[in-house]
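Numbering (this note's numbering), first residue to last: 22 to 408.
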């Protein structure tokens, strides 16, 4: 079976590469993936696959293929959205949309899942159970995974487990990286508005300087994870922007801080958020100002199921060789809304090697397209040989 699958992958590669290039030329931002969804729908329908477009009143496209043998119902997921980045790759199929680019590889993910559909359609006689294709919108901050989960698609289709993948420059091309347990961090964000009192820059005693206060608060955040959280529990509090003032000789009334909090699991998530709020307000009060704090809880941690992860490891070993299924030793501080699916059912989310390459979210990110063979191939090996 594996040799037949490898042959099919080689035969399909040029078509799947062209699908990827079409998506790359026409990137679309979160929850606006209209043309991408249309392309996906056309591909699925051309294979005779049951198709569910505009799922949950979004651009999501779901598909279902039924095998000829009994077996479980499982899902494979790809995200479809791009980023607000101006592409600088110089590729002949570079983005034709100014200021929008597939800098996180979601075009690779989507094309790989289309490739899986083609491979399963070719080998439907060998397929056990059912496979649900989940083409998800809005991963880049759009909560697409939560929207679909809340809409009840898992229960509607009776899905028992789900698998996803993401390109990763730190894993070499031709390999996949897997990890049991915690894979990504909670991804939360905060906004702090410091309300001071404006004055002349030469007479600071007549005002309450919100910029100085913002600086003190930023430094104080460092003591939360260095003195209040177990040193073995990774925690990141980053202030990414501070906006205040309009002139060099004017102390402004207000300053606004934006930042992110990263923790793992449930142990410290609410505690750290609570301390960010308390530290912000107490320090502002110390300097005779006020602080308004707004904390938005974002994507939870991805927690990979052991049994499903081992399926992926075994599938990758069959297709690529055992040496090319690499265990990732530590989780990432990045966020990923695949976590919402794993709150409902078992599953795993693994790394698809594209290294060496520029980092994700970089304007020059241009992964080797040979990764498409691995992307669709590992999916198909697991779906056909390890249900």
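For glycine and all other residues, C-beta sits at the position ideal for the given N, C-alpha and C.
Quick caveat: nothing in here was measured; it's all calculated off a predicted structure.
Exposure of residue i, with buried meaning 16 or more beta-carbon neighbours within 10 Å
i: residue 309; result: exposed
i: residue 100; result: buried
i: residue 23; result: exposed
i: residue 102; result: buried
i: residue 330; result: buried
i: residue 25; result: exposed
i: residue 301; result: buried
i: residue 264; result: exposed
i: residue 360; result: buried
Between the CA atoms of residue j and residue i - distance to the nearest angstrom
i: residue 149; j: residue 332; result: 15 Å
i: residue 146; j: residue 262; result: 55 Å
i: residue 27; j: residue 136; result: 12 Å
i: residue 41; j: residue 389; result: 12 Å
i: residue 270; j: residue 240; result: 24 Å
i: residue 70; j: residue 82; result: 12 Å
i: residue 176; j: residue 158; result: 19 Å
i: residue 91; j: residue 408; result: 10 Å
i: residue 284; j: residue 354; result: 8 Å
i: residue 216; j: residue 306; result: 10 Å
i: residue 227; j: residue 315; result: 29 Å
i: residue 233; j: residue 258; result: 19 Å
i: residue 199; j: residue 349; result: 6 Å
i: residue 242; j: residue 235; result: 11 Å
i: residue 113; j: residue 46; result: 9 Å
i: residue 294; j: residue 167; result: 21 Å
i: residue 77; j: residue 141; result: 25 Å
i: residue 160; j: residue 51; result: 7 Å
i: residue 162; j: residue 252; result: 29 Å
i: residue 36; j: residue 63; result: 14 Å
Contacts around residue i, its chain only, beta-carbon distance under 6 Å, and the 5 residues preceding and following it disregarded
i: residue 186; result: 371 and 373
i: residue 84; result: 65, 70, 72 and 154
i: residue 58; result: 80 and 82
i: residue 48; result: 103, 116, 118, 121, 122 and 123
i: residue 254; result: 289
i: residue 212; result: 279 and 315
i: residue 327; result: 201
Cβ-Cβ distance between residue i and residue j below 7 Å
i: residue 128; j: residue 245; result: no
i: residue 362; j: residue 183; result: yes
i: residue 399; j: residue 196; result: no
i: residue 205; j: residue 323; result: yes
i: residue 109; j: residue 385; result: yes
i: residue 382; j: residue 223; result: no
i: residue 31; j: residue 87; result: no
i: residue 218; j: residue 313; result: no
i: residue 304; j: residue 238; result: yes
i: residue 231; j: residue 276; result: yes
i: residue 273; j: residue 280; result: no
i: residue 209; j: residue 282; result: yes
i: residue 134; j: residue 375; result: no
i: residue 201; j: residue 126; result: no
i: residue 207; j: residue 250; result: no
i: residue 144; j: residue 405; result: yes
i: residue 181; j: residue 95; result: yes
i: residue 172; j: residue 68; result: no
i: residue 178; j: residue 61; result: no
Contacts around residue i, its chain only, beta-carbon distance under 7 Å, and the 5 residues preceding and following it disregarded
i: residue 403; result: 184, 332, 333 and 336
i: residue 229; result: 217, 218, 308, 309 and 310
i: residue 203; result: 285, 286, 322, 324 and 352
i: residue 89; result: 145, 146 and 148
i: residue 164; result: 358
Contacting residues, own chain, Cβ-Cβ under 8 Å from residue i (five flanking each side not counted)
i: residue 38; result: 132, 390 and 393
i: residue 380; result: 190 and 386
Chain D within 7 Å of residue i, Cβ atoms only
i: residue 288; result: Among the chains of the structure shown, chain D does not appear; only one protein chain is present.
Within the segment 113-182, note down every full alpha helix (DSSP H) run reaching 4 residues or more, in order along the chain. Listed in chain order, the alpha helix (DSSP H) elements of length 4 or more contained wholly in the segment 113-182 are 127-143, 165-171 and 174-178.
Which runs of the alpha helix (DSSP H) fall wholly inside the segment 224-299 and span at least 4 residues, in chain order? 231-244
Mind listing, in chain order, the continuous beta strand (DSSP E) runs of no fewer than 3 residues lying wholly within the segment 41-102? As far as the segment 41-102 is concerned, its whole beta strand (DSSP E) runs of at least 3 residues are 71-76, 81-87 and 90-100.
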